[in-house]
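Comments concern the structure below.
Numbering (this note's numbering), first residue to last: -5 to 222.
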């Protein structure tokens, strides 16, 4: 079992929280800074029980490094995928970040909803919904999220969308058991211009853990996407 300590590791909360809609989940935790703004989108297979708080160690590490950080919350309603996508579009439109960083299901949302021209760093993203459904990731998470089979929602499947106009870098561990690296490799096959960084021996959660040995690589890829 992969170490999931980062999911519950205590870390300072945000300096302030911004509301961008009437729903309780339409909020953004902010760590303002002088540097470029990085928007973080959490994973958890789009399920209601996982929220943005597990990204606080990552948010604080990036803030200490000089970034302005915004951790986006979004509606996670099984069978209502449009709500999550609309929320991310609204939040990113408000923030206008330099880079959107999405992990796991958050990587999927970033690839679907970040506007053209905005750089995306997708960490172990669910980048091919049909393949993820065939692999039955998290016991039917894709079908639960969509409310039906992926073929009914082609516009929400990154692998079937046009190439993004803007930088896109995917980082994926080769030992990831939550979202196998073959999901990102399938996206790469359909979008060969994408940069896929395979991390030998890395699992799923180390990509968001500032205390992991993989973190310097994640920082390197993020820094390369930030404006000089």
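Even glycine gets a Cβ: it sits at the ideal position worked out from N, Cα and C. Only a predicted model underlies this, so the values are computations on that prediction, with no experimental measurement involved.
{"Item": "CB of residue 97 within 8 Å of CB of residue 185, strictly", "Value": "no"}
{"Item": "Buried versus exposed, by CB contacts within 10 Å (16 or more), residue 123", "Value": "buried"}
{"Item": "Range of the contiguous beta strand (DSSP E) that encloses residue 189", "Value": "189 to 193"}
{"Item": "Top-ranked residue by Cα proximity to residue 105, from 9, 162 and 73", "Value": "162"}
{"Item": "Residue(s) in a DSSP beta bridge with residue 21", "Value": "13"}
{"Item": "Contact check, residue 19 vs residue 8, beta carbons under 8 Å", "Value": "no"}
{"Item": "Beta bridge counterpart(s) of residue 62 as assigned by DSSP", "Value": "31"}
{"Item": "Distance between residue 50 and residue 189 (C-alpha atoms, nearest Å)", "Value": "27 Å"}
{"Item": "Where residue 129 falls: helix, strand or coil (DSSP)", "Value": "coil"}
{"Item": "Sub-8 Å separation of residue 30 and residue 220 beta-carbons", "Value": "yes"}
{"Item": "Buried versus exposed, by CB contacts within 10 Å (16 or more), residue 159", "Value": "exposed"}
{"Item": "Nearest candidate by alpha-carbon position, reference residue -4, set 170, 41, 76 and 212", "Value": "170"}
{"Item": "Alpha helix (DSSP H) runs contained entirely in the region 47 to 106, provided each spans 4 or more residues", "Value": "50 to 58 and 75 to 89"}
{"Item": "Pair within 8 Å by beta-carbon distance, residue 138 and residue 42", "Value": "no"}
{"Item": "Pair within 8 Å by beta-carbon distance, residue 165 and residue 212", "Value": "yes"}
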